[in-house]
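Everything in the sequence shown is counted per our numbering, starting at 487 for the first residue and increasing by one. Each residue gets a CB set at the ideal place from its N, CA and C atoms; glycine is no exception. As the structure is a computational prediction, the values presented were derived from the model and not from experiment.
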Amino acid sequence: MGEQVEKAADFGSAIHAACENYAQHKTVPQDAALLGFFEPWRIWFDNNVEEVRSVERVCVNLQHGYAGRVDLVAKVKDVGWSVVDFKTQKVKRSALGKPTPAFYETWPLQLAGYQHALASAGDRMLSGLVSVVIDSAQPGPAHVKVWPDQNYFQTFQAALDLWRYVKNYDPRSFRRGTDGESPSMVLVA
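Here it is as structure tokens:
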């Protein structure tokens with residue numbers, strides 16, 4: 487079981503690195519085994535991403551006490567400027583073989599947290615939240631969900647408040663040291 491988890495993590499890291507390299511430099515992975523899984527994502531990217539603002543960008547929100555790493559900030563066709571997250575998963579198939587990816591209801595909360603952190607840093611033009619699932623079981627199309635316009639950040643804040651309560655820890659208390667220096671700790675979302 488542990489070996490399967492490690493293998494899945496390695497695959498996810500390799501796909502993320504390949505997507506990152508392509509988004510930044512238009513380089514295609516040389517690993518033939520990875521290429522079959524990467525290629526459907528590349529097709530989606532080429533057909534839908536009109537402009538890239540940043541890749542693997544760290545965002546920090548000191549006001550709320552969290553941070554994270556955004557896979558992609560880009561102008562997406564028919565969506566606008568968006569926060570885009572790539573997920574690898576073993577996509578299940580129906581009895582007829584149709585892929586049915588799982589889009590979890592917590593995903594837009596994470597994206598909204600990133601969006602809000604980026605906005606607090608001055609990147610206010612982000613309106614879309616997009617999840618892209620890359621099948622790790624067998625090569626197939628990239629599965630994309632544009633999350634509907636809802637107040638996901640409010641729910642993200644409630645989850646963050648619950649996390650602080652359960653952990654009895656508030657990263658915001660480390661916001662400024664006594665010498666006025668930068669924070670020493672933040673919660674990674």
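- Exclusion of the five residues before and after Q510 leaves V541 as the residues of its chain whose Cβ lies within less than 6 Å of its Cβ.
- Checking the DSSP bridge columns, you'll see T574 partnered with I620.
- The bridge partners DSSP lists for R579 are P585.
- K561 carries a strand assignment under DSSP once its states are collapsed to helix, strand and coil.
- V562 is positioned such that its CB atom lies no closer than 7 Å to that of A553.
- A628 counts as buried, since no fewer than 16 other beta carbons sit within 10 angstroms of its beta carbon.
- Taking 7 Å as the cut-off, the beta carbon of Y638 is found closer than this to the beta carbon of A598.
- Here G583 is exposed, its C-beta having fewer than 16 other C-beta atoms within 10 Å.
- Boundaries cannot be given for K512, as no beta strand (DSSP E) includes it and DSSP labels it neither H nor E.
- The three-state secondary structure of W527, taken from DSSP, is helix.
- The Cβ-Cβ distance between W530 and I620 does not fall below 7 Å.
- P625 is positioned such that its CB atom lies no closer than 7 Å to that of G551.
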